[in-house]
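Protein chains: 6
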Amino acid sequence: MISGTEPHVQSSVSGRTGWEQIVDLALAEDIGTGDVTTLAIIPSDTRATGAIIAKQSGVISGIGLAGFVFHRVDPSVVFTPMIQDGDSIEPGVTIATIAGAARGLLMAERVALNILQRLSGVATITRSYVDQIAGAHARIVDTRKTTPGMRGLEKAAVRHGGGFNHRFGLADGVLIKDNHLAALGPPGSDRVGRAVALARSHAPHTLRIEIEVTNFQELEEAVTAGADVIMLDNMDLPTMRRAVEFVAGRALLEASGGIVLSSVREVAATGVDLISAGALTHSAPSLDLSLEFSIGAG
Amino acid sequence: MISGTEPHVQSSVSGRTGWEQIVDLALAEDIGTGDVTTLAIIPSDTRATGAIIAKQSGVISGIGLAGFVFHRVDPSVVFTPMIQDGDSIEPGVTIATIAGAARGLLMAERVALNILQRLSGVATITRSYVDQIAGAHARIVDTRKTTPGMRGLEKAAVRHGGGFNHRFGLADGVLIKDNHLAALGPPGSDRVGRAVALARSHAPHTLRIEIEVTNFQELEEAVTAGADVIMLDNMDLPTMRRAVEFVAGRALLEASGGIVLSSVREVAATGVDLISAGALTHSAPSLDLSLEFSIGAG
Amino acid sequence: MISGTEPHVQSSVSGRTGWEQIVDLALAEDIGTGDVTTLAIIPSDTRATGAIIAKQSGVISGIGLAGFVFHRVDPSVVFTPMIQDGDSIEPGVTIATIAGAARGLLMAERVALNILQRLSGVATITRSYVDQIAGAHARIVDTRKTTPGMRGLEKAAVRHGGGFNHRFGLADGVLIKDNHLAALGPPGSDRVGRAVALARSHAPHTLRIEIEVTNFQELEEAVTAGADVIMLDNMDLPTMRRAVEFVAGRALLEASGGIVLSSVREVAATGVDLISAGALTHSAPSLDLSLEFSIGAG
Amino acid sequence: MISGTEPHVQSSVSGRTGWEQIVDLALAEDIGTGDVTTLAIIPSDTRATGAIIAKQSGVISGIGLAGFVFHRVDPSVVFTPMIQDGDSIEPGVTIATIAGAARGLLMAERVALNILQRLSGVATITRSYVDQIAGAHARIVDTRKTTPGMRGLEKAAVRHGGGFNHRFGLADGVLIKDNHLAALGPPGSDRVGRAVALARSHAPHTLRIEIEVTNFQELEEAVTAGADVIMLDNMDLPTMRRAVEFVAGRALLEASGGIVLSSVREVAATGVDLISAGALTHSAPSLDLSLEFSIGAG
Amino acid sequence: MISGTEPHVQSSVSGRTGWEQIVDLALAEDIGTGDVTTLAIIPSDTRATGAIIAKQSGVISGIGLAGFVFHRVDPSVVFTPMIQDGDSIEPGVTIATIAGAARGLLMAERVALNILQRLSGVATITRSYVDQIAGAHARIVDTRKTTPGMRGLEKAAVRHGGGFNHRFGLADGVLIKDNHLAALGPPGSDRVGRAVALARSHAPHTLRIEIEVTNFQELEEAVTAGADVIMLDNMDLPTMRRAVEFVAGRALLEASGGIVLSSVREVAATGVDLISAGALTHSAPSLDLSLEFSIGAG
Amino acid sequence: MISGTEPHVQSSVSGRTGWEQIVDLALAEDIGTGDVTTLAIIPSDTRATGAIIAKQSGVISGIGLAGFVFHRVDPSVVFTPMIQDGDSIEPGVTIATIAGAARGLLMAERVALNILQRLSGVATITRSYVDQIAGAHARIVDTRKTTPGMRGLEKAAVRHGGGFNHRFGLADGVLIKDNHLAALGPPGSDRVGRAVALARSHAPHTLRIEIEVTNFQELEEAVTAGADVIMLDNMDLPTMRRAVEFVAGRALLEASGGIVLSSVREVAATGVDLISAGALTHSAPSLDLSLEFSIGAG
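Residue numbers (the working numbering), protein chains in the order written: chain A, 40 to 337; chain B, 40 to 337; chain C, 40 to 337; chain D, 40 to 337; chain E, 40 to 337; chain F, 40 to 337.
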């Protein structure tokens with residue numbers, strides 16, 4: 040089992056989980072037909088040790104996956120995590136140690152760091168949002184604005200940062216957006232009510248019905264139609280407050296659109312249940328980590 | 040052929056190119072077993088049009104790939120790019136129009152935007168580095184600090200931004216780093232010379248030999264050993280200037296390590312041939328784009 | 040697009056949808072390294088026509104998929120469906136006609152029929168359940184007791200027969216069963232309430248919480264805990280009636296366990312909202328169909 | 040090695056055997072992006088034991104494969120079969136015990152049972168045919184009317200039930216059918232003889248030539264042409280008896296078409312060598328089995 | 040359909056036929072992440088024509104497959120075969136012409152030629168064996184000593200050269216060898232008879248039973264046991280003649296072991312039915328072909 | 040790690056290295072749906088030993104890969120190499136011993152030998168070229184004329200024979216050929232200089248620029264343009280000698296075209312740096328090896 044991912048998750052017809060596939064893809068593009076430098080310079084029996092060291096403070100996600108990368112290249116590598124996913128770290132902290140054949144360590148290093156730095160970047164930015172709303176009722180949730188091929192990993196990183204997950208994708212949640220409504224006619228034609236009814240009658244009964252609204256009129260229609268969750272799209276703070284008061288628990292309310300670190304606290308204060316932010320995944324900078332080797336010491 | 044990628048590139052044993060694989064992976068994780076909302080709300084014969092609009096200024100990369108995503112979901116979609124990869128755009132500019140069955144457009148939208156925004160983010164940041172050193176001799180080059188599974192696409196985005204590519208991965212370039220040198224003994228044992236000799240005798244004759252040096256002593260050894268390219272790792276500006284003067288064209292010089300947008304102009308002024316920056320790919324924020332639909336108009 | 044499956048569904052990282060994969064698997068195991076009989080006996084330029092004829096009454100599902108099988112073996116085959124998925128047919132009815140190279144028709148025949156007969160068997164048995172409860176409030180829903188590799192197709196067949204779908208799998212619905220409860224302690228420890236609370240706090244907010252109960256005590260706990268859906272497991276009719284009365288719309292009620300065609304009408308009469316039956320998919324007999332060829336007529 | 044499948048069988052270019060592929064496909068469609076219920080309710084360190092119990096009498100097939108499913112989800116599960124493939128069981132008998140992390144057991148349960156119940160259903164119905172003809176000379180053989188993706192497993196189940204296998208698919212047996220004959224001209228044109236000759240001259244010499252005949256005239260032609268095996272298609276009992284007498288060992292005779300459990304004994308009594316029945320695989324009902332858990336006891 | 044392969048053959052669970060897979064594998068290893076030379080030198084709109092020219096006399100196999108390679112790299116290439124598989128060619132003959140974008144032609148050239156030259160080498164050597172025994176009763180047949188991944192293509196090449204195929208692999212023919220016999224006991228224990236009986240009772244009735252014998256004693260046992268085909272392993276000519284006389288049509292006889300071009304005529308003269316030669320596939324030299332381009336003329 | 044291949048090489052997105060893929064492909068085509076003979080004749084508990092014996096002198100390559108084939112079929116086989124890749128062997132020498140279940144040994148035998156014999160054939164012919172030029176300055180290098188799917192293995196075999204590798208494929212070396220030049224205009228237009236300049240400005244700086252010349256005029260242009268390596272295509276010996284003298288170390292010189300074993304010594308004597316020969320890989324005859332079994336002895 041790989042820390043930083045769900046245990047036992049079997050999401051692929053290839054017999055490999057999602058995280059195994061993205062690791063294999065990354066290794067294939069990096070190593071290609073072989074590491075010409077390492078094979079030329081490093082004898083096959085040279086051993087080495089290494090340590091992954093933080094050069095920045097943040098929250099770690101993907102520690103087990105980094106170990107998986109080393110094992111994928113060389114199953115005999117010994118990878119020892121020193122912290123757990125979700126832990127906060129300061130510069131200088133040792134995140135993991137590695138020991139094994141020098142060739143394998145050198146060939147796996149870049150891919151392991153690329154993945155660990157990216158996921159830790161997501162966990163770190165999520166933690167900063169979560170810390171901003173400490174004490175509030177709302178959940179920070181992610182979106183579908185994730186890195187291609189890394190959705191499951193980035194959603195785990197959001198959890199490691201203290202956030203919660205929205206639906207994984209289009210199959211496990213009903214979310215009616217303005218584009219869906221447009222297909223049912225112009226505003227004023229009770230299209231919100233009809234949309235909710237269509238979703239109720241076609242979608243499996245195991246799913247809640249969420250609908251996006253952009254104004255108070257639509258919000259009222261959504262409540263009347265019995266929507267389970269209502270997304271308040273790009274509303275200003277007074278409107279959000281009014282929405283919370285009006286809905287009064289008859290549906291969950293999700294604030295969405297243009298929410299940044301500096302505004303999230305005020306949004307939470309409106310009383311909404313959920314705050315979603317694409318920036319958690321689409322623009323998180325990599326966390327700065329380095330791998331320091333000692334040849335012969337392993 | 041997909042703009043934003045190399046034409047005809049066949050990099051996979053699965054019969055799909057690298058960019059087809061990452062698109063398929065992204066669609067699989069987003070659509071899963073089906074878009075429950077769209078299938079419930081949108082009749083199969085509803086048609087729609089859409090436009091991808093810039094909400095920020097920047098440089099576009101991946102326009103053809105965005106079209107590929109829509110075709111992959113529904114081969115009958117008509118995708119019309121309005122600009123080319125590498126073009127600079129301002130907020131409000133239409134980047135492409137799309138017309139087809141509403142269901143397909145809605146199911147492909149998120150993945151198409153996720154990819155296009157990420158690659159355009161890379162092209163945009165690269166362009167800002169390139170503009171900083173306008174008139175200088177040096178090339179801005181990328182690194183191996185790329186998003187897992189997207190290396191080829193991100194390297195194309197760097198070119199669209201006006202940068203150049205370093206080696207693709209470990210197989211198509213010799214780059215001897217300090218970790219390789221450590222395996223050959225302590226400093227002072229002419230390990231630089233021996234490393235270059237080993238690389239010469241084992242690597243295919245089609246590859247240049249590049250070596251990383253961290254001080255002037257190693258630089259001299261590298262020149263003596265006949266290295267083709269020398270990477271100056273984390274050197275200060277005076278040392279870089281001295282290195283350029285000393286080497287005098289006997290090898291290419293690459294500046295590397297901690298180079299940011301505000302310092303790149305001074306680095307270029309030292310006379311180095313290449314400046315590499317991991318930030319082009321590991322931390323580029325997504326470019327803000329949106330897809331606006333009109334139901335029934337397509 | 041293949042009738043009998045969801046349009047545009049992209050459920051695989053291999054670039055093929057789920058139904059393409061099972062078709063390919065079936066063709067691979069049937070054709071293997073080549074049809075030695077057909078290649079020996081039938082000249083490559085012989086053409087033929089065929090008709091798929093019902094030998095039994097029932098409901099058809101998978102007509103488009105049957106066409107896909109023929110196209111997969113020979114893209115030039117002309118496959119013309121004469122009816123639509125969900126249509127009822129009587130013995131002697133022509134379901135589709137096929138024309139093309141005789142070799143391709145002969146090589147695709149068995150796999151096309153195997154799939155079409157199996158899915159039509161599922162649609163047919165579902166229709167018989169649905170007809171039994173005509174006029175009642177309840178939905179007939181399927182289970183996860185499906186044929187390995189054919190879940191999406193069989194769930195479509197259930198819809199073609201007039202039934203509804205339960206969750207697709209473990210990822211798109213919360214269903215707390217007795218085995219989950221056992222992990223939380225013995226009965227009487229408010230484990231039902233704790234289980235619902237755990238699910239609420241960990242699962243995405245887009246999912247309803249369903250819980251299985253085996254007695255009235257648990258039912259009361261589930262309602263108190265705010266479960267959205269409650270599965271009444273193997274309850275007798277009086278208990279189900281009492282449950283409907285007690286819950287009074289505060290949650291959906293699903294009857295489950297040992298429900299057969301002869302009992303489904305009485306179960307529906309209790310007023311439950313959903314009736315699930317594994318027999319729709321795990322033991323549906325194939326519908327009897329045949330493919331009749333005319334050589335030279337195509 | 041997995042009981043219920045051939046040992047060492049390597050039937051796939053993906054590096055996985057056929058049974059590994061169908062298991063992976065089934066797990067992928069069931070588990071998808073993760074078991075939201077189990078991950079929410081069951082702590083990762085909870086352990087459990089389980090027993091697979093028969094609720095019906097029958098013949099077991101696929102016991103090892105069921106174990107493989109559990110191992111695929113969690114390699115640390117201990118799966119202990121209590122009986123062997125081919126064994127007859129009565130209601131209440133324990134077929135296997137399982138011990139391991141509760142999460143893994145819960146995630147693998149449904150797929151393991153789906154496969155084991157289906158294959159045991161095939162073995163059970165086969166055994167009933169075999170028992171019907173006890174003492175007779177004939178073999179009960181299967182057909183190509185198998186579940187897509189499960190042919191190898193279902194053919195093993197037929198053997199576990201005491202039956203024999205016909206050819207695996209189109210590549211390992213020559214079987215000339217009426218559709219093949221039609222391509223050679225009308226009846227009366229010695230097309231049977233020409234078909235057998237074509238097969239002899241084109242097919243590898245390692246294969247016997249089997250031909251389907253529908254009347255006595257064709258039977259005589261087939262014997263004259265030197266067919267190795269002759270399939271008597273939908274013949275009545277007197278004609279079959281006459282065929283056996285006429286052929287007198289010059290070819291093997293296979294009875295085929297509409298043979299059901301109640302008629303198989305009479306068919307065997309005609310003296311034919313082989314009796315094929317599609318019902319063994321295309322309509323076998325699942326054998327009723329259940330998995331009973333005890334949390335904390337493992 | 041690709042000439043040089045069986046039409047419609049679907050031998051893979053990946054949705055690609057066997058020949059598509061080996062082509063994709065070959066293109067992946069040759070093109071990798073892109074043709075750096077062509078992309079640097081050749082503008083994307085440059086067009087070219089080419090001709091594949093024979094530089095040696097021989098027999099062509101794989102002409103359609105060569106076309107497939109060009110289409111796989113660039114679907115817009117026009118590939119025009121000038122001859123058919125199985126045709127004999129002399130030096131200077133044009134085998135095919137190609138027109139399209141210069142980039143695509145240059146990137147596909149090497150792989151197309153590698154495959155076409157290798158298969159034509161197999162067809163050419165086979166033809167030389169066939170010509171040697173012109174007029175004789177025997178068939179020249181291939182073995183399982185084929186190039187990994189190319190068995191189906193090489194077996195087609197053998198047919199193009201005028202030879203016949205032995206079994207494809209281990210699944211479609213029973214061939215009992217000395218190693219199998221050894222498992223049944225020492226010579227003199229009627230192990231030949233027991234082996235044939237075991238094969239009869241376990242193998243599908245659609246397969247003939249072939250057995251390898253190394254001396255006359257075993258030959259007699261094999262005939263007595265009712266073997267369908269008997270392989271005479273490494274026997275001298277007088278023994279082979281005696282075997283033919285003794286068996287007198289009761290079984291097919293296959294000569295095998297150390298048969299070379301210079302000896303094949305004498306072997307055929309003994310009256311055996313089949314002569315197998317591994318050299319047809321394991322050591323056939325490539326046929327010399329070249330591809331001549333004209334830039335701008337296409 | 041498999042001897043005969045690079046350690047740790049991860050060249051595939053499927054999670055299998057290149058050599059694993061070709062082994063799987065070969066096993067899939069040979070074993071297919073199962074070894075009918077072995078399963079019928081050999082009890083599952085029969086054990087055997089075997090030895091791979093040389094029947095010819097030569098150089099071994101692929102010994103570890105042969106072991107991998109046996110392990111892939113049956114992980115419990117014990118495979119003991121008696122020599123190393125690159126070792127010369129004489130007839131009668133034991134190359135490896137194998138012990139395990141008889142079924143697995145019999146099913147893996149043919150594929151293991153097919154691969155080992157082919158690679159050893161390449162190593163053997165390479166050694167003969169290398170021995171011919173003993174004492175000379177030049178390297179024997181391979182070409183891209185390799186067996187589809189086996190390039191990495193055959194390039195390793197060339198090294199085992201004492202040769203060196205040219206570029207792996209189109210991505211890791213710039214090689215400008217006459218076809219590329221033709222796109223830049225007629226001879227006399229300084230197209231050689233322009234081609235080299237284009238390559239310098241577009242290709243990564245990590246690659247050398249090699250160009251093919253066919254006459255002395257082009258050679259002079261190439262030197263002037265600063266080409267790093269110059270391929271002398273089909274030049275006669277005096278011209279090669281003159282080229283060596285003229286270039287005088289300013290570029291590496293590679294002799295290419297029609298070089299055979301009998302001429303290689305004279306070519307080396309001209310002083311060129313590299314001699315490439317397609318015959319090393321495209322027409323190497325298999326080395327004759329056999330596998331001798333003893334049942335019951337393992």
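Don't be surprised by glycine CBs; every beta carbon is placed ideally from N, CA and C.
- Contacts with chain D at 8 Å (Cβ-Cβ) include Asp-63 (chain F).
- Taking a 10 Å sphere around the C-beta of Lys-194 (chain F), we find 16 or more other C-beta atoms and assign the residue as buried.
- Cα atoms of Phe-207 (chain B) and Arg-183 (chain B): separation of roughly 7 Å, rounded to the nearest angstrom.
- Per the DSSP secondary-structure output, Ile-248 (chain A) pairs in a beta bridge with A:Val-213.
- In this structure, DSSP gives Val-98 (chain F) an extended state, which the three-state scheme calls strand.
- Assigned with DSSP and collapsed to three states, Thr-76 (chain E) falls in helix.
- Spanning the alpha carbons of Thr-77 (chain C) and Ala-222 (chain D) requires a straight line of approximately 10 Å.
- Minimum Cα-Cα distance from Ala-105 (chain E) among the listed residues E:Leu-144, E:Ile-314, E:Val-299 and E:Thr-72 corresponds to E:Leu-144.
- Counting only the Cα atoms, Gln-95 (chain D) lies some 29 Å from Val-306 (chain D).
- At a cut-off of 3 residues, the continuous stretches assigned as beta strand (DSSP E) that sit fully inside the region 304–331 of chain C are 313–315.
- In the three-state reduction of the DSSP assignment, Phe-207 (chain B) falls in the coil class.
- Residue environment analysis places Asn-254 (chain E) among the exposed positions, since fewer than 16 neighbouring C-beta atoms fall within 10 angstroms of its C-beta.
- A direct Cα-Cα distance of roughly 20 Å separates Thr-185 (chain C) from Val-75 (chain B).
- One thing to note: Ser-333 (chain A) has its Cβ no nearer than 8 Å to the Cβ of Thr-119 (chain A).
- Contacts with chain E at 8 Å (Cβ-Cβ) include Pro-187 (chain F).
- Using a Cβ-Cβ cut-off of 8 Å, Thr-245 (chain F) is close to His-205, Arg-206, Asp-211, Gly-212, Val-213, Leu-214, Leu-246, Arg-247, Glu-249 and Val-268 of chain B, given in chain order.
- Collapsing the DSSP output to three states places Asp-124 (chain B) in coil.
- Inclusion of Ile-314 (chain E) and Ala-294 (chain E) in the CB contact set at 8 Å is warranted, their separation being smaller than that value.
- In the structure shown, the three-state DSSP call for Leu-66 (chain D) is helix.
- DSSP places Glu-293 (chain E) in the uninterrupted beta strand (DSSP E) bounded by 291–295.
- Think of a sphere of 8 Å around the beta carbon of Ile-334 (chain B): the chain A residues whose beta carbon falls inside it are Asn-218, Ala-221 and Ala-222, in chain order.
- Runs of the alpha helix (DSSP H) lying entirely within the region 151–230 of chain E, each at least 4 residues long, are 190–199 and 217–221 in chain order.
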